[in-house]
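Enquirer: Just so you know, the working numbering puts 217 at position 217 of the sequence shown, and the rest follows in order with no gaps. Glycine residues also receive a C-beta, built at the ideal position from the N, C-alpha and C atoms.
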Amino acid sequence: MRRLSRLLVIVSLACTTAASAFAQKGLKVYISADMEGIAGVVTADQLGPEGFEYGRFREFMTASVLAAIDGAREAGATEFVVSDSHGNGESLLIDKFPDDVTIVRSWPRPLGMMEGIDSTFDAVMFVGYHAATTNPHGVRAHTISSAHYAALKLNGIAVPEAGISAAIAGHFGVPVVMISGDDIAVAEAQQLIDRNIAGAVVKRAIGFHSAATRTPQAGNAIIRAQAKAGVERRAQIKPWILKKPVQFDLTFKNYRPAEVMALLPIIQRTDAHSIHFEGKDMLEVSRLLEFIGEYSSDLTP
Numbered sequence: 001m002r003r004l005s006r007l008l009v010i011v012s013l014a015c016t017t018a019a020s021a022f023a024q025k026g027l028k029v030y031i032s033a034d035m036e037g038i039a040g041v042v043t044a045d046q047l048g049p050e051g052f053e054y055g056r057f058r059e060f061m062t063a064s065v066l067a068a069i070d071g072a073r074e075a076g077a078t079e080f081v082v083s084d085s086h087g088n089g090e091s092l093l094i095d096k097f098p099d100d101v102t103i104v105r106s107w108p109r110p111l112g113m114m115e116g117i118d119s120t121f122d123a124v125m126f127v128g129y130h131a132a133t134t135n136p137h138g139v140r141a142h143t144i145s146s147a148h149y150a151a152l153k154l155n156g157i158a159v160p161e162a163g164i165s166a167a168i169a170g171h172f173g174v175p176v177v178m179i180s181g182d183d184i185a186v187a188e189a190q191q192l193i194d195r196n197i198a199g200a201v202v203k204r205a206i207g208f209h210s211a212a213t214r215t216p217q218a219g220n221a222i223i224r225a226q227a228k229a230g231v232e233r234r235a236q237i238k239p240w241i242l243k244k245p246v247q248f249d250l251t252f253k254n255y256r257p258a259e260v261m262a263l264l265p266i267i268q269r270t271d272a273h274s275i276h277f278e279g280k281d282m283l284e285v286s287r288l289l290e291f292i293g294e295y296s297s298d299l300t301p
């Protein structure tokens, strides 16, 4: 009887320890936030410091991320990292966030729009995302650079920024559970990554610079509900894991970038505007993509 009692005590302590460890781990959510997919955004007037509505739309972008956080909390999320991934990476109003949220700002970052992600996270959400540059529809549809890139492919598949970000998350085994943006961006991501991803459609694309949009408040209610739904069904969504080595193809809108990049022995020029790179994994591809976008010989300091 004494041995049985001791055994029961040991089992009870083990269960208590395991439960305590689980409680301490919590539920970590990574949020990557862009601006083109925020309710009401249609032109450069909302997207940069020179735009007359930019200050107001920084508030709307911030409120949309906060709505995603609220929805995820309702589903049990306890820890958040938010990536400010639009423009100069300094659009979110960081004083509006709870003290337990970490915010990644500015550039360059080895993991781009996903800097800070690792295998300890349970779910990823995209807020304010847009369609790919190869998509003929979608508000402000582009991939990384609307001025310089005409197409970006991973393992032969043309991808939006959601695809790049999902592939980085997939490298760490973390699923994308929710995306917000226009109807085109949401459908594109669900078709590419996983149809079970919760989609928060906050506007309907009419053209590159036009949309039928929800109000910010109505859009945020949708984001909150879909963030909750996505986190709750995260177990049903598979991480988007690319086969390795990862084949990376980038088409520039001009000749010279491809010509100059091909001077690097790791780069193959495949046509007048395009280059090819074989990365050992998605992290290596991400580093190259960040280098291409950020390097200039006149960088200071």
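1) Look at the alpha carbon of E310 and the alpha carbon of A272, and state the distance between them as a whole number of angstroms.
2) How is the alpha helix (DSSP H) around L192 delimited, first residue to last?
3) Is it buried or exposed, F248, if we count other Cβ atoms within 10 angstroms and call 16 or more buried?
4) What is the rounded straight-line gap between the Cα of L263 and the Cα of G89?
5) First and last residue of the alpha helix (DSSP H) that includes L66?
6) So with Cβ pairs under 8 Å, would you call S146 a contact of chain C?
7) Who does F248 pair with in a DSSP beta bridge?
8) Using beta-carbon positions only, say whether E244 and K280 come within less than 8 Å of one another.
9) Counting only the same chain and skipping the five closest in sequence on each side, list residues whose C-beta sits under 7 Å from that of E59.
10) So, using beta-carbon positions, are S106 and S32 closer together than 8 Å?
11) Alpha carbon to alpha carbon, how far is G163 from T133? Give it in angstroms, no decimals.
12) Give the DSSP-derived three-state secondary structure of A44 in the structure shown.
13) Return the CA-CA distance between T143 and D70, expressed in angstroms with no decimal places.
14) Kindly indicate which three-state DSSP category A198 falls into: helix, strand or coil?
15) Using the C-alpha atoms, what's the distance from M61 back to S91?
16) Would you decide whether R201 is buried or exposed? Buried here means 16 or more other CB atoms lie within 10 Å of its CB.
17) With three or more beta-carbon pairs closer than 8 Å as the criterion, would you say the stretch 168 to 187 touches the stretch 115 to 134?
18) According to DSSP, which residues form a beta bridge with F80?
19) Report buried or exposed for T120, applying the criterion of at least 16 other Cβ atoms within 10 angstroms of its Cβ.
20) Starting from the Cα of A235, find the closest Cα among P175, A77, S85, Q46 and give me that residue.
21) Rounded to whole angstroms, what's the CA-CA distance from S296 to S274? Just pull it up for me.
22) List the endpoints of the continuous beta strand (DSSP E) containing I268.
Expert: With the structure as the only source:
1) The chain is shown from 1 up to 301; residue 310 falls before or after that span and cannot be answered.
2) That run of the alpha helix (DSSP H) goes 183 to 192.
3) Buried: at least 16 other Cβ atoms inside 10 Å.
4) Straight-line measurement puts the Cα of G89 at about 30 Å from the Cα of L263.
5) L66 -> alpha helix (DSSP H) spans 54 to 74.
6) Any reference to chain C falls outside this structure, which holds one protein chain only.
7) Bridge partners of F248: L154, F277.
8) Checking the sequence shown, residue 244 turns out to be Lys, not Glu. Contact: yes.
9) If you ignore the 5 residues before and after E59, its C-beta comes within less than 7 Å of the C-beta of L93, all in its own chain and listed in chain order.
10) Here S106 is not near S32, since their CB atoms are 8 Å or more apart.
11) Straight-line Cα distance between these residues: approximately 12 Å.
12) Taken through DSSP and simplified to helix, strand or coil, A44 comes out as coil.
13) If I take the Cα positions, the gap works out to 29 Å.
14) Note: A198 maps to strand in three-state DSSP.
15) CA-CA distance, S91 to M61, rounds to 8 Å.
16) Looking at the sequence shown, residue 201 is not Arg but Val. So V201 counts as buried.
17) As far as the Cβ criterion goes, the stretch 168 to 187 touches the stretch 115 to 134, which means the pair count is three or higher.
18) According to the DSSP secondary-structure assignment, F80 is paired through a beta bridge with V29, V101.
19) A residue is called buried once 16 or more other Cβ atoms fall within 10 Å of its Cβ, and T120, having fewer, is exposed.
20) Checking every option, the nearest Cα to that of A235 belongs to P175.
21) Rounded to whole angstroms, S296 to S274 spans 19 Å at the Cα level.
22) The residue you asked about is not Ile; residue 268 is Gln in the sequence shown. Where Q268 is concerned, the enclosing beta strand (DSSP E) stretches over 268 to 271.
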